[in-house]
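In the numbering used here, the protein residues as written are 745 to 1105.
No residue lacks a Cβ here, since even glycine has one placed at the ideal position from N, Cα and C.
Remember, predicted model here, so these are calculated numbers, not experimental data.
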């Protein structure tokens, strides 16, 4: 599908008012996307686990208004006005207006909340933009009841991408690929698609314990981080590495090769941070406790043969990934050796999920 396929035809009768609610999960990339082209096009393909517990629930109440020259919306976050979120929403509306021309015909009351504390250091832009995009698509579905589910999800992913790149991977589940790759059928830079290849059952119930090493705002925003890839001396090699790792991941996921999975996922995480440490300006996003956790995971895995590994986003927190049947072992390891490295002893138990869901009020 191309961008033109997401331009709507003539709408049917506009409803006077209504309300829609969607819950969209966060995601954690296995092969990382780092670096982008205008507008929100990834410099390399990526693939992620869709999570389950970490999610955003968004309700959009809409009412027909007089005139259609300006956007009109109010925003509540966790039940309170959040004025500093509004510029990002306005930019998002401006970007998606060609695809949703009804946006100026309504006033919107947007009420959004996260299942995880806002200050936890868990990125909420992916789940937040995905949930909002699904709400807006739900409204468009009322204006165009003939829309099929494939078009609905792909357009929702396309819109979410224009708000936050990784948000396009928070529509479907449980594995989502984003970015053109010659060996991945129907892959696209414009939206995420469900991973099209065989996946062993062990990965369909994978667990993700998120260790909150550093809560609060990241040292470097993702937007700034992506920009640092422009002119980076190792950027082109990194983009090729990601493409090759997606090819390497195919037989790993198909066969349930846990050793291969561990090696690839940890290498991807460390490469992301290596790119930030070798950019200009340069940043070290890990904290001392991040390194302590990584070393303890390596030691524990070597001593016990429990196939637990880590991945990282662009921050200090650690995502600890492992098969479901080792959950009790990992919990004991957490309690004995890792919780001391978490800020206020906090961590989040999550797992691979099945994608966004509509909430019927």
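Residue i bridges to which residues according to DSSP?
{"i": "residue 1063", "result": "954, 1055"}
{"i": "residue 866", "result": "DSSP, once it has assigned bridges, lists no residue as partnering residue 866."}
{"i": "residue 936", "result": "922"}
{"i": "residue 851", "result": "807, 816"}
{"i": "residue 766", "result": "802, 1102"}
{"i": "residue 825", "result": "820"}
{"i": "residue 795", "result": "1096"}
{"i": "residue 761", "result": "807"}
{"i": "residue 1091", "result": "955"}
Using 8 Å as the threshold, is the C-beta distance between residue i and residue j below it?
{"i": "residue 1103", "j": "residue 746", "result": "no"}
{"i": "residue 821", "j": "residue 856", "result": "yes"}
{"i": "residue 815", "j": "residue 844", "result": "no"}
{"i": "residue 973", "j": "residue 1021", "result": "no"}
{"i": "residue 1009", "j": "residue 1055", "result": "yes"}
{"i": "residue 840", "j": "residue 934", "result": "no"}
{"i": "residue 769", "j": "residue 923", "result": "no"}
{"i": "residue 979", "j": "residue 789", "result": "no"}
{"i": "residue 957", "j": "residue 1050", "result": "no"}
{"i": "residue 819", "j": "residue 854", "result": "yes"}
{"i": "residue 1058", "j": "residue 964", "result": "yes"}
{"i": "residue 952", "j": "residue 1095", "result": "yes"}
{"i": "residue 1023", "j": "residue 970", "result": "no"}
{"i": "residue 896", "j": "residue 850", "result": "no"}
{"i": "residue 939", "j": "residue 921", "result": "yes"}
{"i": "residue 804", "j": "residue 989", "result": "no"}
{"i": "residue 909", "j": "residue 800", "result": "no"}
Check whether chain B comes within 8 Å of residue i, counting only Cβ atoms and requiring the distance to be less than that.
{"i": "residue 953", "result": "The structure shown contains no chain B; it is built from a single protein chain."}
Under the three-state reduction of DSSP, which class applies to residue i: helix, strand or coil?
{"i": "residue 771", "result": "strand"}
{"i": "residue 1098", "result": "coil"}
{"i": "residue 845", "result": "helix"}
{"i": "residue 781", "result": "strand"}
{"i": "residue 856", "result": "strand"}
{"i": "residue 786", "result": "strand"}
{"i": "residue 1072", "result": "helix"}
{"i": "residue 976", "result": "coil"}
{"i": "residue 879", "result": "helix"}
{"i": "residue 1078", "result": "helix"}
{"i": "residue 961", "result": "coil"}
{"i": "residue 886", "result": "helix"}
{"i": "residue 754", "result": "coil"}
{"i": "residue 931", "result": "coil"}
{"i": "residue 745", "result": "coil"}
{"i": "residue 1024", "result": "coil"}
Going by DSSP, what residue range makes up the alpha helix (DSSP H) through residue i?
{"i": "residue 913", "result": "Here residue 913 belongs to no alpha helix (DSSP H), and DSSP marks it neither H nor E."}
{"i": "residue 1044", "result": "1032-1048"}
{"i": "residue 900", "result": "893-907"}
{"i": "residue 990", "result": "979-999"}
{"i": "residue 967", "result": "966-971"}
{"i": "residue 832", "result": "830-840"}
{"i": "residue 948", "result": "945-948"}
{"i": "residue 1006", "result": "1002-1021"}
Any 3 or more C-beta pairs closer than 8 Å across the stretch 754-768 and the stretch 864-880: yes
Pair every Cβ in the stretch 772-784 with every Cβ in the stretch 1066-1073, then say whether three or more of these pairs are closer than 8 Å. Contact fails: fewer than three Cβ-Cβ distances are below 8 Å.
Does the stretch 883-894 come close enough to the stretch 751-760 that 3 or more CB-CB pairs lie under 8 Å? They touch, by the three-pair rule.
When you compare the stretch 782-801 with the stretch 904-916, are there three or more beta-carbon pairs, one atom per stretch, that lie closer than 8 Å? Because the criterion of three Cβ pairs below 8 Å is met, the stretch 782-801 and the stretch 904-916 touch.
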